[in-house]
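Notes follow the structure.
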Amino acid sequence: DGPPDDKGEEVGSVEVTNKSRLLQTFSSDATIAAKFRKDIVEQDEKASVVLSLGLAKEEHDFTRRLERYVRIKETAATKPIESVLEQFAEKNEQKLDEAIRHLTEQMEEMKEGVGKGQHEELLRAIRQSQQQLAQSMSSQDTRSKRMMQQASSPGSPGARLTPVAAAPEEDCKACKASEAKIEKLQQQLSEAEDKAKRGGGDAKEALKQAEAKWEVKFDQLENDLADAKEQVRLLKLENRGLKKKVAEGGGVQEAQDAGELREEIDRLAREATYMDAEP
Numbered sequence: 001d002g003p004p005d006d007k008g009e010e011v012g013s014v015e016v017t018n019k020s021r022l023l024q025t026f027s028s029d030a031t032i033a034a035k036f037r038k039d040i041v042e043q044d045e046k047a048s049v050v051l052s053l054g055l056a057k058e059e060h061d062f063t064r065r066l067e068r069y070v071r072i073k074e075t076a077a078t079k080p081i082e083s084v085l086e087q088f089a090e091k092n093e094q095k096l097d098e099a100i101r102h103l104t105e106q107m108e109e110m111k112e113g114v115g116k117g118q119h120e121e122l123l124r125a126i127r128q129s130q131q132q133l134a135q136s137m138s139s140q141d142t143r144s145k146r147m148m149q150q151a152s153s154p155g156s157p158g159a160r161l162t163p164v165a166a167a168p169e170e171d172c173k174a175c176k177a178s179e180a181k182i183e184k185l186q187q188q189l190s191e192a193e194d195k196a197k198r199g200g201g202d203a204k205e206a207l208k209q210a211e212a213k214w215e216v217k218f219d220q221l222e223n224d225l226a227d228a229k230e231q232v233r234l235l236k237l238e239n240r241g242l243k244k245k246v247a248e249g250g251g252v253q254e255a256q257d258a259g260e261l262r263e264e265i266d267r268l269a270r271e272a273t274y275m276d277a278e279p
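Pasting the structure below:
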């Protein structure tokens, strides 16, 4: 300890002396003592009123701050979850609608154009065979008429031939070649018609298989849509329960539940992306 402060001790002794003198004065004068006590009581009452008002104001301000804090925490705990749920449900429904519309368009295109190229190819082959046959028949008729004209014209070698000698002339090599070509073309036409019939059956079978495949796809998509809607409904119910707990004054456990719910929503969103990769 340092040396004593002489000045401080002197002031303290003066105050003690003054108080002692006041006490002696009050004790000897009852009127002054009563007035002094009355002033003390009034000052105490005023101080009590001021203190109570200050405490009431502080309590009111604290209550307002606490309500604001709870409101902000409640909004922060529930609003993002509700927003994520709404976005997830809307995005999932949009993806399913787009997938169903895309599959429907593909099925319609398949129904309209399945086997179209094969049918056109067969029809083209049939028309070509018919044209070749018509050209061959026309050229054969032209050659036959020319031979008949040459045979009937006077002075021609054919006119001097007897009917018996002219008969072998009709069996010439050109006629045989034309007949063979006509027979070959008729055979090609028959094969093309058979191929067209078989091709039509194959196309119908392919269409049936495609329709069965797309029906399975549609059933799977409908089941996925129903499962997604059910999961969203359950998540919304769970979200309402968490929101109610927060409104009732929930604490750390509800915040953890909200975080787990957010992770579950993210997982469902990742699983829903498989529809984007579907053909």
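Residue 205 in the numbering used here sits at position 205 of the sequence shown, and the numbers go up by one each step.
The beta-carbon is built from N, C-alpha and C at its ideal position, and this holds for glycine as well.
Check the C-beta distance from residue i over to residue j and give it rounded, since I have them as a contact under 8 Å.
i, j, result
"residue 85", "residue 234", "The Cβ separation is near 11 Å, so there is no contact."
Please state if the CB of residue j and the CB of residue i are separated by a distance shorter than 8 Å.
i, j, result
"residue 185", "residue 132", "yes"
Shortest alpha-carbon distance to residue i belongs to which of the options?
i, options, result
"residue 138", "103, 182, 106, 101", "182"
"residue 190", "213, 108, 127", "127"
"residue 215", "134, 100, 187", "100"
"residue 209", "107, 51, 70, 54", "107"
"residue 211", "69, 109, 51, 226", "109"
Quick check on residue i: buried or exposed, where buried means 16 or more other Cβ atoms within 10 Å of its Cβ?
i, result
"residue 223", "exposed"
"residue 88", "buried"
"residue 162", "Low per-residue confidence applies at residue 162: pLDDT is 44, beneath 50, and the placement is therefore not dependable enough to give any value."
"residue 71", "exposed"
Less than 6 Å between C-beta atoms, sequence neighbours within five positions excluded: which residues of the same chain meet that for residue i?
i, result
"residue 47", "none"
"residue 63", "none"
Is there a Cβ from chain C that is less than 8 Å from the Cβ of residue i?
i, result
"residue 134", "Checking the listed chains, one finds no chain C in this structure; it contains a single protein chain."
Cutting at 8 Å between CB atoms, please list the residues of its own chain near residue i, excluding the five before and the five after it.
i, result
"residue 61", "none"
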